[in-house]
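**Student:** Residue 19 is where the sequence shown starts when you use my numbering, and the numbers rise one by one after that.
C-beta: ideal position from N, C-alpha, C; glycine also.
Let me give you the structure first, and then I'll get to my questions.
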Amino acid sequence: MNNTLSELEATLESYKQSLEQVKLLRASNNDPGTIKLETDLTEAIELTESLISLKQQDKSEEELAKLGPIANVGDYCYGLYEGLWYVAKVTKVNVPEPNTQEGEQEEASQMIDYFVWYVGYGNTAVLNVEHRNIKKYFDPPKEYLTQGTRVYAASARDNKYYEANIDTVTDNQTVWVTFKNKSVQETPLHDIRLLDNTEIYQPSYKQNKKPEENVGSKRKSTGEGDTQPPKKKKKKDKSAKKLEAEEQLNKRADSWKNFMNKNASRIPPSSRAKPAARTMTQESTFKPLQSSRQRAVTDEAFRRDK
């Protein structure tokens, strides 16, 4: 049986109380067993906090999915391809048929498929919330849209990206740009891709933070090379990480219980912690990716001549 978020929080509190007890024991008995238990409990606390974070993320994604589509046909969004976000336009939304079987209806709600067309490239893909490869669109931060900023701008002639410089930013969510061939065009912000401030396309970027708070996520700019995304991370990696954390936490819990049983008489009753909630089973709440659900955006298309 999988632990709920509230059970994990209760377990965390119990571990913290137990750690205080062990520290009391160390004051009078600094033997290797007590030292090892203190280390185990410290690691158990870290693991439990990590699992709580994963649970909270699951919960937020489930709630988001229950709200229905995060984008409709004609809307712009960000699609994740091999580690970077790219602006895309939704061309079709495929909502799966409701399933009345227990446990499957909620999963189906996360499997809404978004058929998209990538701005500036023309490639298509299928995205969905479960794969964590789609998010709502937001305009590039205004502080990045200054005169002279290097960008890729989608040409009104063929909708392909070409290198350009920003001349003027308007109040209508557009910018005037000058291309290398000296032609000038007013371009919507969703048709602009920054060349120098590429940290906004990193998964670690936080939309409402100041630029200096996102410095850690900035990648080195290499001109056109910035449009070639590195390998994407799959959901299986996160599932394996959570399973490993659960297994390690179970071991720490067993070590703690055995030690506390042996040393119960040495701990003042008033300072004893309540028994911890049952620790994690080894069943992960994550399911592996269905590789057939996403059509890859080919590297060749991303490298086409502009």
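Go ahead and pull the three-state DSSP assignment for proline 206.
**Tutor:** strand
**Student:** Between which two residues does the beta strand (DSSP E) holding valine 375 run?
**Tutor:** Residue 375 cannot be examined here, being either before or after the span of the chain that is shown, 19 to 324.
**Student:** Taking buried to mean at least 16 other C-beta atoms within 10 Å of its own C-beta, is serine 173 buried or exposed?
**Tutor:** buried
**Student:** Assuming the contact rule is C-beta atoms closer than 8 angstroms, arginine 211 and valine 105 should be a hit. Round their C-beta distance to whole Å, please.
**Tutor:** 7 angstroms
**Student:** Measuring straight from C-alpha to C-alpha, what distance separates glutamate 194 and leucine 207?
**Tutor:** A small correction: the amino acid at residue 194 is tryptophan; glutamate does not occupy that position in the sequence shown. Cα to Cα, the separation comes out at about 10 angstroms.
**Student:** Taking the alpha helix (DSSP H) that glutamate 27 belongs to, which residues open and close that run?
**Tutor:** 23-46
**Student:** For threonine 303 and asparagine 146, what's the separation of their Cα atoms in angstroms?
**Tutor:** The pLDDT assigned to threonine 303 is 27, lower than 50, so where the model puts this residue is not dependable; a value taken from the coordinates is nonetheless given after this. Going from the Cα of threonine 303 to the Cα of asparagine 146 covers about 18 angstroms.
**Student:** Could you check the C-alpha separation between leucine 30 and glutamate 67 for me, to the nearest Å?
**Tutor:** 7 angstroms
**Student:** Assuming tyrosine 179 and tyrosine 170 form a contact by the criterion Cβ under 8 angstroms, report the distance between their Cβ atoms to the nearest whole angstrom.
**Tutor:** 4 angstroms
**Student:** Are the Cβ atoms of threonine 196 and valine 187 separated by less than 7 angstroms?
**Tutor:** no
**Student:** Exposed or buried, which one is serine 333 when buried takes at least 16 other CB atoms within 10 Å?
**Tutor:** The question about residue 333 has no answer, for the chain in this structure spans 19 to 324.
**Student:** Using a threshold of 7 angstroms, state whether the C-beta atoms of leucine 42 and threonine 52 are closer than that.
**Tutor:** no
**Student:** Leaving out five residues on either side along the sequence, give the residues of the same chain with a beta carbon under 8 angstroms from the beta carbon of valine 91.
**Tutor:** Val108, Thr109, Lys110 and Val111
**Student:** Nearest to threonine 22 by CA position, among Leu72, Trp135, Thr60 and Val134, is which residue?
**Tutor:** Nearest option by C-alpha distance: Leu72.
**Student:** Starting from the N-terminal side, write out each stretch of the beta strand (DSSP E) that is 3 residues or longer and does not extend beyond the stretch 140-183.
**Tutor:** 142-145, 152-154 and 168-172
**Student:** Below 6 angstroms CB to CB, which residues in the same chain sit around lysine 142 once its five sequence neighbours on both sides are set aside?
**Tutor:** Residue identity check: residue 142 is threonine in the sequence provided, not lysine. Cβ neighbours of threonine 142 beyond the five flanking positions: Trp135.
**Student:** In this structure, does DSSP put lysine 198 in helix, strand or coil?
**Tutor:** Here lysine 198 sits in coil by DSSP.
**Student:** Helix, strand or coil for lysine 107 per DSSP?
**Tutor:** strand
**Student:** At which residues does the beta strand (DSSP E) containing tyrosine 132 begin and terminate?
**Tutor:** 131-136
**Student:** Quick one: using the 10 Å Cβ neighbour count with 16 as the cut-off for buried, is asparagine 151 buried or exposed?
**Tutor:** buried
**Student:** Round the Cβ separation of isoleucine 63 and glutamate 27 to the nearest angstrom and send it over; I've been treating them as touching at under 8 angstroms.
**Tutor:** With 8 angstroms as the limit, isoleucine 63 and glutamate 27 do not qualify as a contact, their Cβ atoms being about 12 angstroms apart.
**Student:** Whole-angstrom Cβ separation of threonine 205 and asparagine 183, contact assumed at under 8 angstroms?
**Tutor:** With 8 angstroms as the limit, threonine 205 and asparagine 183 do not qualify as a contact, their Cβ atoms being about 12 angstroms apart.
**Student:** Nearest-angstrom Cα distance between valine 137 and lysine 153?
**Tutor:** 15 angstroms
**Student:** Using three-state DSSP, classify aspartate 185 as helix, strand or coil.
**Tutor:** Three-state result, aspartate 185: strand.
**Student:** Out of Tyr139, Ser36, Pro50 and Asp93, which one is the CA nearest neighbour of threonine 60?
**Tutor:** Checking every option, the nearest Cα to that of threonine 60 belongs to Ser36.
**Student:** With DSSP run on the structure shown, which of helix, strand or coil describes lysine 73?
**Tutor:** helix
**Student:** If you run the structure through DSSP and keep just helix, strand and coil, what is tyrosine 223?
**Tutor:** coil
**Student:** With distance defined between alpha-carbon atoms, name the residue in Lys34, Ser46, Glu56 and Asp93 nearest to phenylalanine 156.
**Tutor:** Asp93
**Student:** Confirm, please, whether the CB-CB distance from glutamate 181 to lysine 160 is below 7 angstroms.
**Tutor:** no
**Student:** According to DSSP, which residues form a beta bridge with leucine 98?
**Tutor:** The secondary-structure analysis by DSSP pairs leucine 98 across a beta bridge with Trp103.
**Student:** Hey, aspartate 130 and valine 113 are a contact pair by Cβ (cut 8 angstroms); roughly how many whole angstroms apart?
**Tutor:** Residue identity check: residue 130 is isoleucine in the sequence provided, not aspartate. Indeed, because the Cβ distance is near 5 angstroms, the residues count as touching under 8 angstroms.
**Student:** For histidine 149, tell me which candidate among Asp189, Asp176, Gly101 and Gln191 has the shortest Cα-Cα distance.
**Tutor:** Checked all of Asp189, Asp176, Gly101 and Gln191; the closest Cα to histidine 149 is Gly101.
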